[in-house]
Amino acid sequence: MASDMTVPILDALSSGSPILSTEAFPSIPSLLIKAALDRLASRQIVQYDTIDEEVVILTEEGEDIAANGSHEAKVFEAVVKAVEGLKLSELPTLVGKETAKVGQGNAFRRGWIKKEKDLLRPNTDSIHDETREQLKQIQQTKTYPAPGVVADLKKRKLVVLQKVISFQIFKGPKFAKEFVKEETDLTAEMLANGTWKTANFKAYNFKAQGAPTPSGALHPLNKVRQEFRNIFFEMGFEEMPTNRFVETGFWNFDALFVPQQHPARDLQDTFYIADPAKADPPREDPPNDPHVIKAASRPASTKEIPDKPLDYKQYWENVRQVHESGKYGSIGYRYPWSADESLRLVLRTHTTSVSTYMLHKLAANPRPARYFSIDRVFRNEAIDATHLAEFHQVEGVIADFGLALGGLIGFMEVFFSKMGIKRLRFKPAYNPYTEPSMEIFGYHDGLRKWVEIGNSGMFRPEMLEPMGLPKDMRVYGWGLSLERPTMIKYGVSNIRELLGHKVDLNFIETNPAVRLEKD
1 MASDMTVPIL DALSSGSPIL STEAFPSIPS LLIKAALDRL ASRQIVQYDT
51 IDEEVVILTE EGEDIAANGS HEAKVFEAVV KAVEGLKLSE LPTLVGKETA
101 KVGQGNAFRR GWIKKEKDLL RPNTDSIHDE TREQLKQIQQ TKTYPAPGVV
151 ADLKKRKLVV LQKVISFQIF KGPKFAKEFV KEETDLTAEM LANGTWKTAN
201 FKAYNFKAQG APTPSGALHP LNKVRQEFRN IFFEMGFEEM PTNRFVETGF
251 WNFDALFVPQ QHPARDLQDT FYIADPAKAD PPREDPPNDP HVIKAASRPA
301 STKEIPDKPL DYKQYWENVR QVHESGKYGS IGYRYPWSAD ESLRLVLRTH
351 TTSVSTYMLH KLAANPRPAR YFSIDRVFRN EAIDATHLAE FHQVEGVIAD
401 FGLALGGLIG FMEVFFSKMG IKRLRFKPAY NPYTEPSMEI FGYHDGLRKW
451 VEIGNSGMFR PEMLEPMGLP KDMRVYGWGL SLERPTMIKY GVSNIRELLG
501 HKVDLNFIET NPAVRLEKD
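Quick note, the sequence shown lines up with residues 1 to 519 if you use UniProt numbering.
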């Protein structure tokens, strides 16, 4: 404890001041000495200066060389003893494998030995074992040789640099040979017997930091996710249920008019389920399916409109035809569509599969609707600083009559401005299920460059009309990563520091629960 060293320090100072801790107490840990010094210094009994220095310490191999000589010296001695010359293959037996391996090269380099007719012979009468002398000097005097020598010895792993902390201790203005115990509490006994009048109380340290209070913390992803949800709710959106991580190829690809030969459906891009490998074709939902849009939850203007029955067999057939031979004014992809491929189970690669499911439900009672979802998706990606095999997708769709591309651009400007992104650019792109399609770029002031923040477009008739939606109904769709805006907001350069097993809990705990954005 700190109190154990206070008396020895005061005794040493009373004999003479100043003193050096490493000389007065060579075997006492510096932390124990510092604790006692802090206690004495807070009462002005002592004063001290901290001295940081690096010393050179011999390794186990270095100590052996200081005692018995260097590897090259041992090789030289073995060669000298072999009067008729020494075969190279015999050297490890005489001096050891490690000494032979290291020593022969150094001995050749110093010109101590030479090779004649496959035999090692001495090339000088005597040698000066400089390495041994340097190590003995360090060992005995603790002083540095030339800097280049230390670097060479350190490279050869014969020495290491070790940081040593020492203290130069002086008498303080209130120096006393005895440390008087100070009271820390005013007790009832002191008040009763009057000893509080003469007691020596410890002064309060108002600069001391309080102990940290452990508490829970919100993950930055959850905070930004809630910000997105608030924006969607403010703009009149309904949240889609996204509790199905496993989907069929039908909902994940085919219903979205993604051809079965598309690269996204390859094993290197998509995770497929092995057991069970296939699902049943789409069928009527169970009564408590959360995806069903209940009549009671619809706007008052549509509650009286009866639902059209959803024919899943017809929907399945419509999707097959629009892929294989074309339908609804489209020529399709013109390939033999496989039902088995459509029923393969996958970890969903995007939450657009949920949007498709909800739009199909909307066909029972077509009306203007706004849906959004934020949840995990899975892709067979190569993991690096900006990619993971699982991440979060922010998805939004707007279904209405008379929509046009200009309306989508205008909506995007309003939507992203609510997140603090005011400058947008739109670039034409290709998606199998949207036409026209646009990539969305936002200017990031911190990075001083344009960053891709999302993808968008208007869903194709080949996707919407097989569901039974009216020909004049248009649907906007867009999606973006939850991680990318979070990385920008919190200054994270590596996505693995934000999501996954490498996340630093201190990073999560120290981020503020609320951030005030400048408008």
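Think of the CB as a built atom: it goes at the ideal place given N, C-alpha and C, for glycine as much as any other residue.
Around the beta carbon of residue 504, fewer than 16 other beta carbons lie within 10 angstroms, which makes this residue exposed. In this structure residue 21 is in contact with residue 33, their Cβ atoms being roughly 5 Å apart against a cut-off of 8 Å. Its Cα nearest to that of residue 135, the residue 151 stands out among 151, 83, 126 and 364. Looking only at 183, 322, 29 and 497, the smallest Cα-Cα distance to residue 198 is reached by 183. Shown here for residue 408: same chain residues with a beta carbon closer than 7 Å to its own, the five before and five after excluded, namely 456, 458 and 476 in chain order. Counting of Cβ neighbours within 10 angstroms places residue 253 among the buried residues, the total reaching 16 or more.
If you compare the alpha carbons of 441, 318 and 203 with that of residue 42, the shortest gap goes to 203. Closest in C-alpha terms to residue 166, from the list 94, 24 and 188, comes 24. Inter-segment contact for the stretch 311-322 and the stretch 216-225 is absent: fewer than three beta-carbon pairs are separated by less than 8 Å. If you draw a straight line from the Cα of residue 232 to the Cα of residue 238, it is about 8 Å long. Residue 392 is bridged by DSSP to 376.
The residues 424, 425, 426, 427, 450, 451, 452 and 453, in chain order, have a CB closer than 8 Å to that of residue 441 in the same chain once the five nearest residues on each side in sequence are set aside.
Cβ-Cβ separation between residue 435 and residue 460: approximately 5 Å, consistent with a contact (criterion under 8 Å).
Its chain contains 86, 113, 120 and 122 as the residues whose beta carbon lies nearer than 6 Å to that of residue 79, once the 5 sequence neighbours on both sides are disregarded; these appear in chain order. Looking only at 482, 38 and 411, the smallest Cα-Cα distance to residue 208 is reached by 38. With a minimum length of 4 residues, the unbroken runs of alpha helix (DSSP H) contained wholly in the stretch 94-157 fall at 97-109, 130-141 and 147-155. Between the beta-carbon of residue 393 and that of residue 479 there is about 5 Å, and that keeps the pair under the 8 Å contact cut. In the displayed model, residue 471 falls within coil according to three-state DSSP, outside both helix and strand. A direct Cα-Cα distance of roughly 28 Å separates residue 65 from residue 116. When beta bridges are read from the DSSP output, residue 399 appears opposite 369 and 475. Taking 8 Å as the cut-off, the Cβ atoms of residue 422 and residue 343 do not count as close. Under the DSSP definition of a beta bridge, residue 92 lacks any partner. Excluding sequence positions up to five before and after residue 59, its CB lies within less than 8 Å of the CB of 157, 158, 159 and 160, all in the same chain and listed in chain order. A straight-line Cα-Cα distance of about 26 Å links residue 91 and residue 154. If you look at residue 229, you'll find it in the alpha helix (DSSP H) that goes 220-234.
Between residue 375 and residue 242, the C-beta gap is smaller than 8 Å, which places the two residues in contact. For residue 368, the CB contacts under 6 Å within the same chain, skipping 5 residues up- and downstream, are 400 in chain order. The shortest C-alpha to C-alpha distance from residue 467 to any of 364, 74, 81 and 272 is the one to 364.
Under the DSSP definition of a beta bridge, residue 239 partners with 372.
In this structure, the straight-line span from the alpha carbon of residue 430 to that of residue 439 is close to 9 Å. For the pair residue 350 and residue 259, the CB atoms are not nearer than the 8 Å cut-off. With contacts defined by Cβ atoms closer than 8 Å, residue 110 and residue 70 do not form a contacting pair. By the 16-neighbour rule on beta-carbons within 10 angstroms, residue 274 is exposed. Residue 397 and residue 362 have their alpha carbons spaced roughly 12 Å apart.
When the beta-carbon positions are compared, residue 255 and residue 356 come within less than 8 Å of each other.
About 5 Å separates the Cβ atoms of residue 240 and residue 354, confirming a contact at the 8 Å cut-off.
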